[in-house]
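Novice:
Number of protein chains: 2
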Amino acid sequence: MAESWSFLDTFESNFRPLVVIELAKGTKEETVKWFTKRIVDKKANGGAQLLVKPLVTEKGEENIYLVGASHLRLLLGAETVGLVKECNDNSMRTFTYSSRKTFRDFADDNHNFLTMAECQYIIKHELENLRAKDEKMIPGYPQAKLYPGKSIVRRLLTSGILVQIFPLHDREELKKLRHSWYGRVKVGYQPLDEIRCYFGETIALYFGFLEYFTFALIPMAVIGIPYYVFAWEDYDKYVMFATFNLLWSTVILEVWKRICAIMTYRWGTLLMKRQFEEPRPGFHGVLGINPITGREEPVYSSIKRQIRIYLVSLPFVCLCLYFSLYVMMIYFDLEQWALDYHEENESNFSSLMLFVPSIIYAVVIEIMNRIYRFAAEFLTSWENHRLESSYQNHLILKVLVFNFLNCFASLFYIAFVLFDMKLLRQSLATLLITSQILNQFAESLLPYWLQKRHKKKMKKRMTSLKTDTDLTLVEQINLEKEMGTYFGTFDDYLELFLQFGYVSLFSCVYPLAAVFAVLNNVTEIYSDALKMCRVYKRPFAEPTANIGVWQLAFETMSVISVVTNCILIGMSPQVNALFPDSKMDLILTVALVEHLLLAIKFIMAFVIPDKPRDIQIKLAKLEFESLEALKQQQMKLAAESLKE
Amino acid sequence: MAESWSFLDTFESNFRPLVVIELAKGTKEETVKWFTKRIVDKKANGGAQLLVKPLVTEKGEENIYLVGASHLRLLLGAETVGLVKECNDNSMRTFTYSSRKTFRDFADDNHNFLTMAECQYIIKHELENLRAKDEKMIPGYPQAKLYPGKSIVRRLLTSGILVQIFPLHDREELKKLRHSWYGRVKVGYQPLDEIRCYFGETIALYFGFLEYFTFALIPMAVIGIPYYVFAWEDYDKYVMFATFNLLWSTVILEVWKRICAIMTYRWGTLLMKRQFEEPRPGFHGVLGINPITGREEPVYSSIKRQIRIYLVSLPFVCLCLYFSLYVMMIYFDLEQWALDYHEENESNFSSLMLFVPSIIYAVVIEIMNRIYRFAAEFLTSWENHRLESSYQNHLILKVLVFNFLNCFASLFYIAFVLFDMKLLRQSLATLLITSQILNQFAESLLPYWLQKRHKKKMKKRMTSLKTDTDLTLVEQINLEKEMGTYFGTFDDYLELFLQFGYVSLFSCVYPLAAVFAVLNNVTEIYSDALKMCRVYKRPFAEPTANIGVWQLAFETMSVISVVTNCILIGMSPQVNALFPDSKMDLILTVALVEHLLLAIKFIMAFVIPDKPRDIQIKLAKLEFESLEALKQQQMKLAAESLKE
């Protein structure tokens with residue numbers, strides 16, 4: 001193997017563009033030169049040793065660069081990021097270049113050993129780990145300070161010189177994926193492995209969860225239908241339904257962990273070692289010494305952050321919660337007004353009017369959720385968290401608490417203050433259905449329509465109306481760089497989380513909720529798939545082994561739903577009729593049942609293993625092997641020392 | 001360094017005996033020869049490369065062997081077991097022989113670098129890892145089958161050829177330890193670091209927990225005293241006390257995790273890698289292939305074990321629980337009889353008689369606990385668990401459930417069925433105090449007295465009445481081998497667990513419980529120390545990073561105590577007087593408060609970090625360094641590959 005590596009090499013014929021870098025228009029020549037030099041420079045000189053090619057558009061502008069890498073470079077990068085691949089003996093192992101021959105499908109000339117998503121992830125990782133050496137600033141931009149070890153790409157991004165970095169779509173692959181994903185009407189599973197190959201593990205896991213969750217809701221929906229059709233309101237049937245739901249929700253969350261382990265084992269991410277987390281791009285502070293790495297980097301006092309969190313963010317969140325409750329009270333006034341109106345002038349119009357307050361409230365809730373989301377992002381960013389994970393956790397906590405209250409406060413109020421089961425059922429239905437329609441519209445159809453319009457405009461501008469696959473690279477990049485950016489699975493999970501709340505919190509009052517949830521999720525799969533494939537830029541793959549904090553959020557919701565359902569059952573007239581003499585006995589019984597159910601839940605969660613037995617054995621085997629290898633090594637050293 | 005290693009070497013002058021092996025009397029010559037040969041044989045030949053010396057007693061018997069090791073061998077063993085030691089730069093690192101010079105206090109001639117307990121742990125580890133090569137059986141004992149990889153020592157133990165292996169006491173060190181531990185009357189902390197050096201981490205951690213727990217109970221005790229002295233029975237004071245207790249119990253359990261992390265970091269066990277767990281000695285089955293190691297070893301079907309657990313053990317435990325409840329009902333009959341007797345013939349004797357049933361019941365409970373313990377051990381052993389950890393977990397679960405019910409069922413019955421707070425207080429006091437007295441007696445004083453008697457007898461037999469330190473090695477070993485074996489911290493933790501139950505479950509009814517607990521624990525520290533130093537054989541050190549399943553057990557108890565205390569407060573006449581009109585409001589309020597307290601508990605447990613910040617930073621630093629080292633290595637390889 002003899003490949004030479006120089007700046008000129010990047011124009012070699014077999015260059016395959018993987019990632020697009022868009023610089024700001026009018027970026028200084030020296031900056032561009034320095035940046036591209038660093039990208040192609042040898043590893044030994046602190047470069048990334050990748051390939052770069054400027055994209056010359058018709059107008060002759062040169063602010064877009066294509067990044068690629070040689071096959072060898074990608075394989076070495078795969079080792080650096082710690083990719084886990086399948087071996088010839090069917091076990092999953094961390095890929096190393098020296099042991100490459102033992103991996104399934106590896107051949108020196110097989111350029112499909114790494115999926116395109118993996119290649120792009122490697123390039124992103126290499127670019128982000130391009131670090132300043134002795135540069136004090138970005139050449140040409142004295143205000144963009146650098147210090148040894150600072151990620152160059154992150155500084156370029158925060159100082160606005162770098163507009164964006166995104167991975168290129170692969171038109172051929174995308175077409176195939178689209179076809180097998182949602183191209184034909186069929187009943188069946190999604191091609192999760194293909195999705196993972198194209199979009200990476202985080203997104204594939206979201207779709208896996210969405211699909212699993214939808215299937216898991218089907219039993220609830222099936223059992224719920226007769227309750228609606230026959231208007232069953234017997235005590236025993238309700239209790240049965242609620243009990244089933246509560247235990248079922250525990251089971252599905254536990255089983256998901258197992259399914260998730262199976263999938264991520266197959267994808268290799270279950271075994272991937274956690275990488276050391278670098279400060280997030282937006283983090284700023286006075287230059288100091290990091291106690292962990294011993295390197296110079298911005299340091300921000302933890303006390304200052306705590307002050308910001310507890311003295312600003314917390315009061316703000318409380319204020320928002322108060323405001324949300326205030327809006328809720330207005331809704332109840334409206335509701336009362338509509339009821340009065342209906343009683344005064346009974347007509348078709350007036351009975352339709354009964355639904356109007358709920359619909360308005362549902363819309364207002366959605367709007368408030370979205371506005372609050374921006375505020376939460378701003379605040380969390382202002383709290384200046386050092387790590388992306390800590391930022392995400394604080395953001396998710398803020399958003400979850402508010403969305404939970406905003407969406408469910410009125411339902412709690414109706415159920416446990418007004419005791420109006422009829423209104424509860426009606427509100428629940430309106431809120432659930434309205435929010436689902438709004439979400440589907442705002443999330444996929446609107447961006448899709450905008451994207452279509454934009455594309456038409458673009459195509460008109462390019463005058464030649466070709467089909468997708470015939471686009472030249474320049475046209476493709478021009479199209480893609482204007483597409484919206486997919487900001488991760490947060491909103492998608494949040495939507496599912498709220499839906500889970502609608503379904504489980506009051507399930508014994510409105511068994512039909514699960515039916516609507518299933519229907520919504522089936523279309524959601526299609527609209528989300530559409531969104532991923534046609535509306536947004538291709539996102540970078542993110543290896544992940546689980547759905548993270550969302551597992552905890554769903555579990556918490558299922559605990560809360562035990563409490564609400566027990567209270568609802570206790571309040572039903574049928575149950576009340578069973579304890580004609582003493583309300584006290586009723587409440588004590590309900591409390592006892594609730595505690596029993598909670599205990600069963602916790603015991604079930606404890607008893608059901610998080611990983612299936614065969615995965616456990618495979619993991620144990622790997623651990624054993626690495627311990628054995630270590631022991632062998634030590635034995636050898638020991639034998640040598642003892643011989644001396 | 002030039003040390004030669006042969007069988008004869010073991011008689012070298014600087015041989016320091018560390019571990020004693022006692023073989024059965026009349027063990028065949030060829031077996032002894034083979035076994036000692038394997039112990040001293042070179043590592044490369046599959047031996048343990050240790051030193052062995054037979055102990056010739058006056059009678060000329062030769063069934064006791066002393067095991068030692070050269071300094072170099074111990075250092076290499078320290079690397080094998082993965083000991084973590086302090087470096088010159090104050091960080092804790094896994095010891096390796098090649099990096100030995102970087103460790104604090106290391107010098108080639110400093111034989112105190114490893115503590116005696118560590119040396120003995122290393123020898124135990126090496127002996128247990130002495131594995132059969134191609135032997136089909138133990139020479140001389142055809143019925144004691146071996147297969148490649150089987151631990152020889154374990155087979156010798158199960159076939160009765162090996163009576164026991166125990167580490168020797170160090171009379172000098174023990175005297176020093178005794179003096180600083182309980183030699184003088186003083187108020188202060190225990191010398192935990194010295195205890196750890198002498199007895200190892202598991203025992204030191206138990207004493208650390210006992211001490212911490214005692215200190216943590218002091219605020220409860222201090223607040224509890226005035227309640228007793230002034231007979232406070234106001235509603236608000238009770239609520240305050242109970243609320244304080246509940247939150248306090250959460251805080252102390254969370255803070256313990258932090259303190260435990262600090263201690264085990266200092267001791268190095270927090271960083272120790274988990275070793276691969278071998279099957280426990282008692283495990284048996286048909287010879288098969290272990291799917292994890294790929295080695296031949298006994299295999300026992302998991303289904304058979306499940307059948308034994310669910311069809312035999314579970315019904316048996318339920319039967320025992322039923323029997324325990326039956327005994328409880330007899331106790332209540334007795335109690336009633338005593339009350340009737342007291343009413344008929346009121347006298348000093350009759351009022352004393354009132355306490356008799358409780359005392360009898362407390363004694364019966366203790367006896368039942370001990371009998372059940374044997375049954376549980378037999379059953380769990382019969383379930384044939386492959387791993388010691390799995391055996392321990394099943395045993396602990398069985399014992400905990402039974403002891404919990406056995407000890408607290410009568411109190412629950414009195415509190416929530418009879419609603420008799422006076423009787424509850426009285427029963428609680430009797431049970432707590434009786435069980436404490438019984439435990440102290442059965443655990444330490446009785447064995448101590450037996451041991452004293454035995455020692456006197458021994459000394460008489462040896463005719464020469466010397467003081468402890470003047471004993472010859474032969475005399476010392478003859479004394480120690482007859483001492484009782486310490487079976488681990490299980491019973492000690494169990495005692496603390498039940499005490500925690502007495503203190504927290506009904507704390508708002510009997511605030512004085514904490515006072516008794518503190519008093520008991522102060523003497524417990526002394527009697528346990530006495531037990532460890534004078535009654536039992538020295539136990540092998542066991543490295544551990546936490547108190548394991550006991551943390552979970554204590555946390556569960558503190559959750560249950562939230563529920564019981566809320567109910568107790570709700571039942572008090574003072575609280576009832578606050579809701580004169582509606583019992584319902586009362587119960588609802590109590591339920592609401594209970595849920596709030598539980599929520600606060602869980603949030604607190606979630607928010608308080610398990611490790612202090614500086615330990616977190618130190619751990620992150622180590623992780624970062626190992627990742628960096630890996631990266632450097634990969635970079636070097638990559639640079640080489642790219643150069644080719």
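Going down the list, the sequences are from chains A and B.
If you're matching positions, the first sequence starts at 1 in the UniProt record's numbering and goes up one per residue.
If you're matching positions, the second sequence starts at 1 in the UniProt record's numbering and goes up one per residue.
Quick reminder that beta carbons are idealized off the backbone N, C-alpha and C, glycines included.
The structure displayed is predicted, hence computed values, not measured ones.
1. Would you give the residue range spanned by the alpha helix (DSSP H) that B:P219 belongs to?
2. Helix, strand or coil, according to DSSP, for B:V509 in the structure here?
3. Is B:F355 near B:I433, with beta carbons less than 8 Å apart?
4. Along the segment 22-54 of chain B, what residues have a CB closer than 9 Å to any CB found in chain A?
5. Please work out which residues of its chain come closer than 7 Å, Cβ to Cβ, to B:F416, disregarding the five sequence neighbours upstream and downstream, and give them in chain order.
6. Hey, would you say B:L51 sits closer than 8 Å to B:L168, going by beta carbons?
7. From A:E495 to A:L174, what distance separates their C-alpha atoms?
8. Taking only beta-carbon atoms, is A:T380 less than 8 Å away from chain B?
9. Measure the alpha-carbon distance for B:Q116 versus B:I122 and round it to whole angstroms.
10. Scan the segment 166-194 of chain A and note each continuous alpha helix (DSSP H) run of 4 residues or more that stays entirely inside, going in chain order.
11. Give the residues of chain C in contact with A:Q392, contact being defined as C-beta atoms less than 7 Å apart.
12. Comparing alpha-carbon positions, which option in B:L352, B:T380, B:V327, B:L379 lies nearest B:I367?
13. Under the rule that 16 or more other beta-carbon atoms within 10 Å means buried, what is A:C533, buried or exposed?
14. Distance check for A:I547 and A:Y206, CA to CA, integer angstroms please.
15. Under a CB-based cut-off of 8 Å, is B:Y97 close to chain A?
16. Comparing C-alpha positions only, which one of A:F213, A:I569, A:L588 sits nearest to A:F419?
17. For B:M584 and chain A, any beta-carbon pair shorter than 8 Å?
18. In its own chain, which residues sit with a C-beta less than 8 Å from the C-beta of A:V363, not counting the 5 before and 5 after it?
19. At the 8 Å Cβ level, is B:K611 part of the contact set with chain A, yes or no?
20. Using the C-alpha atoms, what's the distance from A:M604 back to B:T96?
21. Confirm, please, whether the CB-CB distance from B:T214 to B:V522 is below 8 Å.
22. Between which two residues does the alpha helix (DSSP H) carrying A:L424 extend?
23. Using DSSP's beta-bridge definition, name the partner residues of B:T94.
24. Per the contact definition of three or more C-beta pairs closer than 8 Å, is the segment 193-205 of chain B in contact with the segment 145-161 of chain B?
25. Do you know how far the Cα of A:L405 is from the Cα of A:Q499?
26. Rounded to a whole number of angstroms, what is the C-alpha to C-alpha distance between B:F241 and B:S507?
27. What do you get for B:Q633, buried or exposed, if any count of 16 or more other CB atoms within 10 angstroms of its CB means buried?
28. Using a Cβ cut-off of 8 Å (strictly closer), state whether A:P447 contacts chain B.
29. Report the neighbours of B:K124 on chain A: residues whose CB is nearer than 7 Å to its CB, in chain order.
30. Work out the CA separation of B:E201 and B:Y228 for me, nearest whole Å.
31. Are the beta-carbon atoms of A:P279 and A:E297 separated by less than 8 Å?
32. Determine the extent of the alpha helix (DSSP H) in which B:G570 is found, giving its start and end residues.
33. Could you confirm whether any beta carbon from chain B is found closer than 8 Å to the beta carbon of A:K621?
34. When you compare each of A:G294, A:V518, A:I39 to A:E211 by their alpha carbons, which one comes out closest?
35. Could you please tell me which residues of the segment 546-558 of chain B, in chain order, have their CB closer than 8 Å to any CB of chain A?
36. Three-state secondary structure (DSSP) at B:L23?
Specialist: Let's see:
1. Following the DSSP letters along the chain, one finds B:P219 inside the alpha helix (DSSP H) bounded by residues 201-229.
2. Coil.
3. No, the Cβ-Cβ distance between B:F355 and B:I433 is not below 8 Å.
4. Answer in chain order: K42, K43, A44, Q49.
5. I567.
6. No, the Cβ-Cβ distance between B:L51 and B:L168 is not below 8 Å.
7. Rounded to the nearest whole angstrom, the CA to CA distance from A:E495 to A:L174 is 26 Å.
8. Output row for A:T380: interface = no.
9. The sequence as given places Met at residue 116 of chain B; Gln does not occur at that position. Cα to Cα, the separation comes out at about 10 Å.
10. Runs of the alpha helix (DSSP H) inside the segment 166-194 of chain A: 171-178.
11. Absent from the structure: chain C. Protein chains present are A and B.
12. B:V327 is the residue among B:L352, B:T380, B:V327, B:L379 whose C-alpha sits nearest the C-alpha of B:I367.
13. Flag for A:C533 reads buried.
14. Each residue's Cα considered, the two are about 8 Å apart.
15. Yes, contact with chain A.
16. Cα-wise, what sits closest to A:F419 is A:I569.
17. Contact with chain A is found for B:M584, since one of that chain's Cβ atoms lies less than 8 Å from the residue's Cβ.
18. If the five residues before and after A:V363 are omitted, its C-beta is found closer than 8 Å to the C-beta atoms of T434, L438, all from its own chain and listed in chain order.
19. Not closer than 8 Å to any Cβ of chain A, the Cβ of B:K611 fails to qualify, so no.
20. Between B:T96 and A:M604, the C-alpha separation is close to 43 Å.
21. A contact, by the Cβ cut-off of 8 Å.
22. Counting along the chain, the alpha helix (DSSP H) containing A:L424 begins and ends at 421-440.
23. B:T94 pairs with B:V84.
24. Taking a cut-off of 8 Å for Cβ pairs, the segment 145-161 of chain B and the segment 193-205 of chain B do not touch, as fewer than three such pairs fall below it.
25. Looking at the two C-alpha atoms, the distance is approximately 14 Å.
26. Our two residues, B:F241 and B:S507, have alpha carbons roughly 8 Å apart in a direct line.
27. For B:Q633, the number of other beta carbons within 10 angstroms of its own is below 16, and it is reported as exposed.
28. It does not; no Cβ of chain B falls within 8 Å.
29. Per Cβ cutoff of 7 Å: no residues; B:K124 is ~17 Å from chain A at best.
30. So the alpha carbons of these two residues sit roughly 39 Å apart.
31. Cβ atoms of A:P279 and A:E297: closer than 8 Å.
32. Here the alpha helix (DSSP H) through B:G570 covers 549-571.
33. Yes, its Cβ sits closer than 8 Å to a Cβ of chain B.
34. The shortest C-alpha separation from A:E211 is found at A:V518.
35. Residues: none.
36. Three-state DSSP puts B:L23 in a strand.
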